[in-house]
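Trainee: My structure is below; once you've seen it, I'll send some questions.
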Amino acid sequence: MTAIPQTYPLIEHHLNAYKDELQKYTSTKSLLKSALFKSLKDQILLVVNGMEADQFSLRVPYERKKFYRFVTWNIERGINFNDVVHVFKTHPDLSRADVIYLVETDIGMARTRNVNIARELARELKMNYFFATSYLNLCKGNLAEGHYEGENELGLHGNAILSRYPLHNLRTQPLKNAIDKMRGKEKRLGCQKALVCEIEFPFRKVTGVAAHLDAHSSQRQRAAQLKSILSFLAEGRHPLVLGGDLNTSSYNARHALFAFFGFWNKVFRGVDHVIANHYPYPDRYFDRFLFKVFKDYGFDYEHFNEIGQGTLHYSIEDIKQNHLVREVVPEWCRRVMEETLKRHGGKCSLKLDWFAGKWVKPAHSDLGALSPKVYHNLVCKNGTPISDHDPILVDIDIYS
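Each residue of the sequence shown is one higher than the last, beginning at 6 in the numbering used here.
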């Protein structure tokens, strides 16, 4: 008989009254030294380390399946929530997901209509869910998100795991911030966290890990964040499946100047060469440190992914509009990037989203399993992309 999934109450807080005062601080260091933070410390820590979990799954027959389907998708906060629901209910492949690693989910953010994204998606799909806070947002979001109507009710942003099977031993591994989240216009308290839990499949537990590494980071910082996750998992005794947005952009994106030098490094190597041989294959050189970490800890990523298929796509128009590009790349450099893309079909793709496994393997096609796959061109009813990332899928044999 299936065990009852673990639950946690909904995250709540009363910190909005102090939001304007907290925003005045221009660094985390200055905030931590303040009398305001000391007076609110216990409340803030409860929120930024908060977890919630609940069960909505229907009773699942306790019988082995030939394989179990894992999907990971950075859903861009959940801004197009209804379209995300539609995909997971109707897509011929994605609707059969047993486990979903949901990257970038909001609770109580104006940009996502103050919806609890992970909880409501779990309710719609009749799945269990586990959400953990990464950040308490003190504003509406990045430069492109300030126009949304209304105010944040809770201002929480994080990641989640959804499963048709019970989730137990819920925990997180905090990741060291690559940049100070209180500097700049998007002020946040907290840090990225990897979500870890045991997924109780019939007669076999699997450790599920959902990860989102910092976008504003260097290649070595991303490798260090991954190492902290895999070190945390090293004492485990169950098979492991890790998935998420590892932000393997091939760039040092900590600062606009570093991104600029990285861009020109790639120009000197040859634009055609980099677009074809490095952006879709960050493990070959620019993010090799991160992929070496996988191998050092005994994880296989090469057989768990559709290698060479990008999951985030830049066009000339995207460069003009994308908030991350605007924040880290100078305007004159963006103009050079636009002219470069014009000469190469107007677009390029980056491979940011990955699966990796240990003590498990992808299922064979003779069992009816699909090969690891990236799903491109998922659009809203109005024709715009549902998210800036593509979802990825892998079918896993957990009994081999």
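We put the CB at the ideal spot given by N, CA and C, even for glycine.
Which residue or residues does DSSP assign as beta-bridge partners of F136?
Mentor: Per DSSP, E57, A165.
Trainee: Hey, R74 and L398 are a contact pair by Cβ (cut 8 Å); roughly how many whole angstroms apart?
Mentor: 7 Å
Trainee: According to DSSP, simplified to helix, strand and coil, what is K352?
Mentor: strand
Trainee: What is the rounded straight-line gap between the Cα of S376 and the Cα of N387?
Mentor: 30 Å
Trainee: Between which residues of its own chain and L262 is the CB-CB distance below 6 Å, once the five residues before and five after are set aside?
Mentor: Model confidence at L262 stands at a pLDDT of 42, short of 50, so the residue's coordinates are unreliable; what they give is reported in the following sentence. For L262, where only same-chain residues beyond five positions count, there are no Cβ hits under 6 Å.
Trainee: Please report the residue range of the alpha helix (DSSP H) in which E26 lies.
Mentor: 24-28
Trainee: Compute the Euclidean distance between the alpha carbons of F273 and V120, then round it to the nearest angstrom.
Mentor: The predicted model places F273 with a pLDDT of 49, which falls under 50 and marks its position as unreliable; any figure quoted below should be read in that light. Roughly 46 Å separates the two Cα atoms.
Trainee: For P367, write down the residues that DSSP places opposite it in a beta bridge.
Mentor: According to DSSP, which records beta bridges pairwise, P367 is partnered with I401.
Trainee: If we require 3 or more residues per run, which beta strand (DSSP E) segments fall completely within the segment 297-322?
Mentor: 317-320
Trainee: Just list the residues that DSSP pairs R193 with in beta bridges.
Mentor: N142
Trainee: With a CB to CB cut of under 8 Å and the five nearest residues on each side skipped, what residues in its chain are close to G373?
Mentor: K71, F72
Trainee: Give the straight-line distance between the Cα atoms of W269 and L161, rounded to the nearest whole angstrom.
Mentor: The predicted model places W269 with a pLDDT of 46, which falls under 50 and marks its position as unreliable; any figure quoted below should be read in that light. Cα to Cα, W269 sits roughly 37 Å from L161.
Trainee: Give me the residue from F136, L20, E109, K46 with the minimum Cα distance to M56.
Mentor: F136
Trainee: State whether the segment 119-133 contacts the segment 83-99, with contact taken as three or more CB pairs (one from each stretch) at a distance under 8 Å.
Mentor: yes
Trainee: How many angstroms separate the CA atom of D250 from the CA atom of I391?
Mentor: Approximately 16 Å between the Cα atoms of the pair.
Trainee: Can you give me the Cβ contacts of A368 inside the same chain, cut-off strictly under 7 Å, excluding the 5 residues immediately before and after it?
Mentor: K71, F72, A374, D400, I401, D402, listed in sequence order.
Trainee: Return the chain-ordered list of same chain residues with a C-beta closer than 6 Å to the C-beta of P10, the five sequence neighbours on each side being excluded.
Mentor: Q60, N133, P171, L172
Trainee: How is the alpha helix (DSSP H) around Q224 delimited, first residue to last?
Mentor: 224-238
Trainee: Counting only the same chain and skipping the five closest in sequence on each side, list residues whose C-beta sits under 7 Å from that of F309.
Mentor: Cβ within range, chain order: F360, A361, G362, P367, P377, V399.
Trainee: So, with DSSP's three-state summary, where would you put H217?
Mentor: strand
Trainee: Within the continuous alpha helix (DSSP H) that includes K186, where are the two ends?
Mentor: From DSSP, K186 is part of no alpha helix (DSSP H); its letter is neither H nor E.
Trainee: Report the partner residues of P390 according to the DSSP bridge assignment.
Mentor: Paired residue(s): V384.
Trainee: Quick one: grab the DSSP three-state call for A127.
Mentor: helix
Trainee: Can you give me the Cβ contacts of F291 inside the same chain, cut-off strictly under 7 Å, excluding the 5 residues immediately before and after it?
Mentor: So the qualifying residues of the chain are Q224, S255, H283.
Trainee: Keeping to the same chain, check which residues put their C-beta closer than 6 Å to that of N85; ignore five residues upstream and five downstream.
Mentor: Contacts found: C385, I391.
Trainee: Please state whether DSSP places T212 in a helix, a strand or coil.
Mentor: strand
Trainee: My guess is that P287 and T253 are in contact by the Cβ rule of under 8 Å, so how many angstroms apart are they, rounded?
Mentor: 4 Å
Trainee: Write down the C-beta distance between L200 and A58 rounded to the nearest angstrom, noting that I regard them as a contact closer than 8 Å.
Mentor: Rounded, the Cβ-Cβ distance is 10 Å, inconsistent with contact.
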